[in-house]
Amino acid sequence: VYMEIIDYALKQGLDSIVLVPEIALTPQTIARFKSRFGDIVGVFHSQLSEGQKHDVYKAIKEGRIRILIGARSALFAPFSSLGVIIIDEFHESAYKSEKNPKFSAIEVARFLAIKNNVSLVLGSATPSIEEYYKAENGEYNLINIKKRANNNPLPKIEVVDMKNELNNGNKSIFSNRLQIQIQEAVKSNNQVILFLNRRGYANFVSCRKCGYVFQCENCDISLTYHKGKNIGRCHYCGYEKEIPNECPECSSHYVKPFGVGTQKIEEELKSIFPDMRVLRMDKDTTSKKGSLEEILNKFKNGEAEILIGTQMLSKGLDFDNVTLVGILSADMILNFPDFKSFETTFQLVTQVAGRAGRSDKEGHVVLQTYDTDHYAIRRAINYDFEGFYEDEIKIRKAFGYAPFNNMVSVVISGSNERLVEQNARNMYKSMIYLLDNRGINNFDFILGPNPCSISKINQNYRWQILFKDDNIEINLLKGIIKYICITKRDTVFSKDINVSIDINPNSVL
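Take 112 as the starting number for the sequence shown in this note's numbering and just add one per residue.
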């Protein structure tokens with residue numbers, strides 16, 4: 112579909128931008144586009160050097176690049192005859208910048224489309240609730256494609272209740288059913304993908320005698336255990352600490368990792384299937400330049416039977432020989448303390464399941480969960496997006512979450528815990544004063560100030576105030592927040608305090 116749209120634009124003398132959520136997808140996408148359109152296809156993303164970026168911009172201005180593929184920064188390319196912007200897998204959180212300026216690629220693309228009369232195409236098998244709601248209400252033309260590109264049937268998803276596994280004496284992360292399916296797939300010369308959305312060896316390290324948990328010294332979070340180096344690592348600030356044999360609290364030797372990560376999955380898998388070749392794809396194994404492409408090429412060339420990975424695996428990767436996908440713990444995202452966790456679970460299960468059976472071979476998915484009755488799981492196993500949307504939209508409406516209200520997050524942070532709390536309360540008082548002067552005395556739309564769910568990151572304490580525009584017009588709300596945080600910053604906030612504003616954040620952690 113994308114190719115046909117771009118081909119039509121080229122015939123009209125117009126250029127195109129194609130956004131992908133992950134730089135990892137860019138080589139595969141470029142190969143497809145170059146096979147059809149040749150050398151007029153270029154690439155742009157943040158990992159290019161300044162010289163490379165300059166060369167791409169120059170080629171665009173000279174008309175040598177007519178189709179640009181890249182991450183969200185590709186939106187700002189200097190095309191003079193732009194006709195089409197395509198955002199693939201537009202539900203992905205990567206399209207919202209988490210660094211200042213916190214812009215949404217979808218919002219920027221929509222602005223460009225309206226301003227310059229450009230066609231905007233948003234594509235996804237699992238649209239975000241917010242954008243689908245807009246389509247349902249006429250803000251977009253909604254086109255449903257019910258079949259896969261190759262007309263193959265979607266793989267059947269089989270649910271395994273892990274409570275029953277434990278009751279039957281199986282303490283492994285791998286259910287008996289999944290182990291049998293892995294054996295059968297490999298025996299038939301097919302490949303397997305195993306998905307777990309947590310890297311490392313274990314979630315945390317604790318003393319079984321006194322309960323001491325090894326924490327990051329900079330953040331309010333436990334260290335993730337990495338067995339190869341026997342270290343605990345913080346995945347927020349990068350802090351590392353060697354894990355001792357002796358508990359620093361009670362001096363016992365009952366120090367043990369708890370939970371499970373991709374490293375532990377790899378280790379246990381090799382103990383169950385010692386003859387099978389295994390590759391692992393996560394941030395730890397893909398940090399070096401070229402390592403990601405090396406792993407993908409090895410798997411594509413049949414140099415391993417099994418590929419273990421995190422969220423990267425959900426993002427549009429195609430392997431003809433993969434017939435089995437194992438989703439090891441659907442509950443890991445489901446139980447996340449965030450209002451989008453059910454949506455994220457549905458999206459990840461659906462997207463990861465779609466990696467199986469992409470050629471002429473039938474695909475199969477084994478989904479392991481402790482919560483078999485949750486509507487996100489029930490809808491996902493039947494690929495029932497419309498049903499999930501109906502379930503989710505009722506909850507969003509009841510609690511006033513997007514798409515029914517906008518949300519503004521203001522995070523106040525700094526190295527002095529008392530000062531951070533004081534400044535958060537100063538902002539709240541300033542908001543109340545200004546709102547009261549405008550005749551607004553119902554403050555139910557203000558949540559906080561409270562410590563953030565992760566209350567300390569990289570030696571900075573964090574407090575948050577959340578605003579929903581259910582009792583106030585959004586532009587008035589944004590105007591007051593801007594006035595306090597920017598115009599009156601020196602009056603309201605201390606010098607050493609950081610203030611971060613995020614409109615409609617991906618997460619409220």
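Just so it is clear, CB atoms sit at the ideal spot from N, CA and C, and this is done for glycine as well.
Same chain, Cβ closer than 6 Å to residue i, five either side skipped, listed in chain order
i      : result
Ser333 : Phe315, Val324 and Gln326
Leu545 : Ile591
Ser470 : Asp431
Thr483 : Val270 and Asp272
Lys207 : Ser215 and Asn617
Gly474 : Pro266, Thr434, Ala467 and Gly468
Residue environment, residue i, which counts as buried when at least 16 other CB atoms sit within 10 Å
i      : result
Ser520 : buried
Pro560 : buried
Gly465 : buried
Phe222 : exposed
Val144 : Correcting the residue type first, residue 144 is Phe in the shown sequence and not Val. With 16 or more other Cβ atoms within 10 Å, it is buried.
Ile616 : The sequence given here places Pro at residue 616; Ile does not occur at that position. With 16 or more other Cβ atoms within 10 Å, it is buried.
Val167 : buried
Ile71  : Residue 71 is absent from the model: the chain starts at 112 and stops at 620.
Ile419 : buried
Ile117 : buried
Pro385 : exposed
Ser286 : buried
Gly194 : buried
His156 : buried
Ala142 : exposed
Pro266 : buried
Cys361 : exposed
Arg344 : buried
Pick from the options that is closest to residue i, judged by C-alpha positions
i      : options                           : result
Val297 : Leu125, Thr421 and Gly413         : Gly413
Pro189 : Ile291, Ile198, Arg175 and Ile383 : Arg175
Glu416 : Gly511, Glu295, Glu218 and Glu357 : Glu295
Asn586 : Ala535, Asn517, Leu186 and Phe148 : Asn517
Phe556 : Ile128, Gly511, Asn548 and Asp393 : Gly511
Thr461 : Asp449, Cys361, Arg391 and Val476 : Val476
Asn527 : Gln570, Leu407 and Lys399         : Gln570
Arg391 : Leu403, Ser382 and Ile383         : Leu403
Leu577 : Ile614, Leu231, Ile565 and Asp601 : Ile614
Lys451 : Met114, Ser382, Ile438 and Arg507 : Arg507
Ser204 : Asn263, Ile180, Asn228 and Val131 : Val131
Ser440 : Leu305, Asp502, Gly498 and Gly349 : Leu305
Cys330 : Arg183, Lys399 and Pro562         : Pro562
Val152 : Glu473, Ile180 and Ile504         : Ile180
Arg573 : Arg529, Gly149 and Tyr119         : Arg529
Val463 : Asp449, Thr480 and Gln422         : Gln422
Ile198 : Ile128, Asn308, Lys394 and Ile543 : Ile128
Glu133 : Glu360, Asp150, Ser184 and Asn252 : Ser184
Ile284 : Lys340, Ile254, Ile383 and Ser299 : Ile383
Tyr244 : Gly468, Pro514, Asn300 and Arg600 : Pro514
Val229 : Ile196, Glu247 and Glu200         : Ile196
Leu380 : Phe187, Leu289, Ile225 and Gly349 : Leu289
Leu588 : Asn301, Ile543 and Glu405         : Ile543
Tyr481 : Phe496, Ile438, Leu253 and Lys172 : Ile438
Glu250 : Val531, Asp581, Val154 and Val232 : Val232
Chain-order list of residues whose beta-carbon lies under 7 Å from that of residue i (same chain, five-residue window excluded)
i      : result
Tyr312 : Reliability of the predicted coordinates at Tyr312 is poor, the pLDDT of 48 falling under 50, and no value is obtained from them.
His346 : Thr335
Ile673 : Since the first and last residues shown for the chain are 112 and 620, residue 673 lies out of range.
Ser192 : Gly124, Leu125 and Asp126
Leu121 : Arg177
Ile342 : Glu351, Lys352, Glu353 and Ile354
Val389 : Glu377, Leu380, Lys381, Ala415, Ile417 and Ile419
Contacting residues, own chain, Cβ-Cβ under 8 Å from residue i (five flanking each side not counted)
i      : result
His202 : Ser235, Thr237, Pro238, Ser239, Glu242 and Gln458
Glu357 : Ser363, His364 and Val366
Val603 : Asn534, Asn537, Met538, Ser541, Ile595 and Cys596
Ile256 : Val112
Asn552 : Leu546
Asn281 : Asn287
Ala246 : Pro238, Asn252 and Leu253
>> I want to know whether the stretch 438-453 touches the stretch 478-492 - three or more CB-CB distances under 8 Å.
In response: yes
> In the stretch 506-580, which residue ranges form an unbroken beta strand (DSSP E) of at least 3 residues, counting only runs that do not cross its ends?
Replying inline: 518-525, 557-568 and 571-579
>> Quick check for students: name the residue ranges of the alpha helix (DSSP H) that lie wholly in the stretch 246-278, counting only runs of 4 or more.
In response: 273-278
> Is the stretch 522-531 touching the stretch 604-614, taking contact as three or more C-beta pairs under 8 Å?
Replying inline: yes
> Could you give the uninterrupted runs of the alpha helix (DSSP H) lying entirely in the stretch 169-194, keeping only those of 4 residues or more?
Replying inline: Qualifying alpha helix (DSSP H) stretches: none in this window.
>> Assess contact between the stretch 275-289 and the stretch 532-539, defined as three or more Cβ pairs (one per stretch) separated by less than 8 Å. Is contact present?
In response: no
> Unbroken beta strand (DSSP E) runs of length 3 or more, entirely within the stretch 317-385: which are they?
Replying inline: 335-337, 342-344, 351-353 and 366-369
> For the 8 Å Cβ check, are there 3 or more pairs between the stretch 160-169 and the stretch 213-221?
Replying inline: no
>> Runs of 3 residues minimum, wholly inside the stretch 434-517: which ones carry the beta strand (DSSP E) assignment?
In response: 475-480
> At what residue ranges does the stretch 116-166 contain a whole run of the beta strand (DSSP E), taking only runs of 3 or more?
Replying inline: 126-130 and 152-155
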